[in-house]
Structures are given as structure tokens and as C-alpha cells.
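**Q** Could you have a look at this structure, given as C-alpha cells, before my questions?
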Amino acid sequence: SSYNLFGIKASPDWQGKKVDHDTTEFIHTTPVRERSSFRVYDSFEDSFRDYAAFLKENSRYQKVLYSKDAKEFAQNLQQAGYATDPLYSQKMISVYKRMNDEKQ
Numbered sequence: 001s002s003y004n005l006f007g008i009k010a011s012p013d014w015q016g017k018k019v020d021h022d023t024t025e026f027i028h029t030t031p032v033r034e035r036s037s038f039r040v041y042d043s044f045e046d047s048f049r050d051y052a053a054f055l056k057e058n059s060r061y062q063k064v065l066y067s068k069d070a071k072e073f074a075q076n077l078q079q080a081g082y083a084t085d086p087l088y089s090q091k092m093i094s095v096y097k098r099m100n101d102e103k104q
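Once you know that position 70 of the sequence shown is 70 in this note's numbering, the rest is easy, because the numbers rise by one and skip nothing.
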């Protein structure tokens, strides 16, 4: 396992381990299969820690960090360009709602 819970790609400046995977990116609304490098972590804890640092260190995600709730977080994340899938925030919100429904 790469323990990469958030699908963070390994940019050229990434100094850690990486793994190549096929992925689907969206060009406008058209899905396109690509092969991309993704970051590899030693644990889920490392993945969470890097995700938090990734958002904090990238100025385009500042609005995300001040979201008032999960829905706004997902919407702000998509608006900042985190994912190319035009339905990314809707999918995140759907998972969040399902998880909360299961708790009750």
C-alpha cells in the first residue's frame, strides 16, 4: 500500500517515495486516462500529516482551511483546483453524508 489516502500526486519537487498508477483526469468534462506519479507514505498517519501540510503550505488552499463545515470544505477544495473531476465535491459530500448516517 502507498497509504496515500488523498491521492496527492508526486510533483517533480517531491523528495519522498513515489509510485506510478493509471488515473482518470478530466479535461473540461471529458475523462482522460493518464499515468501519474503519486506520493508514497509509510503509514496512514503520515498521509494525514502530509495532507494537512500540503493544504497549509499551498496558498491556493487557504480558503479551504477556513471552511465552516464539511460541505464548504469540499466545495472550496474543488474550487481551488484540488481535483479535475467536475463532480469531486459532490462525491466527497455524498461520502460524508453516508458516513454520518451510519453513525446514527
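Ideal Cβ positions, reconstructed from N, Cα and C, are used throughout, including at glycine.
(1) Return yes when the Cβ of Arg39 is within less than 8 Å of the Cβ of Gly16, no when it is not.
(2) Helix, strand or coil for Asp42, going by three-state DSSP, please let me know.
(3) Check the C-beta distance from Tyr3 over to Ser67 and give it rounded, since I have them as a contact under 8 Å.
(4) Do Tyr51 and Ala80 have their C-beta atoms within less than 8 Å of each other?
(5) Is Ser59 closer than 8 Å to Gln75 when the C-beta atoms are compared?
(6) Closest to Asn100 by C-alpha separation, out of Asp85, Gln78, Ala70, would be which residue?
(7) Please classify Leu65 as buried or exposed, where buried requires at least 16 other C-beta atoms within 10 Å of its C-beta.
(8) When you compare each of Ile8, Tyr96, Asp13, Glu72 to His21 by their alpha carbons, which one comes out closest?
(9) Drop a sphere of 10 angstroms on the beta-carbon of Ala53, count the other beta-carbons inside from all chains shown, and report buried for 16 or more, exposed for fewer.
(10) Given Ala10, which residues of its chain have a CB within under 7 Å of its CB, disregarding the five upstream and five downstream residues?
**A** Concretely, from the data shown:
(1) Cβ distance < 8 Å, so Gly16 and Arg39 count as in contact.
(2) Three-state result, Asp42: coil.
(3) Ser67 and Tyr3 do not touch by the CB rule: their CB atoms are close to 25 Å apart, not below 8 Å.
(4) Going by beta carbons, Tyr51 and Ala80 fall outside the 8 Å limit.
(5) Remark: C-beta atoms of Gln75 and Ser59 do not approach each other more closely than 8 Å.
(6) Ranked by Cα distance from Asn100, the options Asp85, Gln78, Ala70 are led by Ala70.
(7) Exposed is the call here.
(8) It is Ile8.
(9) Taking all protein chains in view, the Cβ of Ala53 is surrounded by fewer than 16 other Cβ atoms within 10 Å, so the residue is classified as exposed.
(10) Hits under 7 Å: Lys18, Ser37, Phe38, Arg39.
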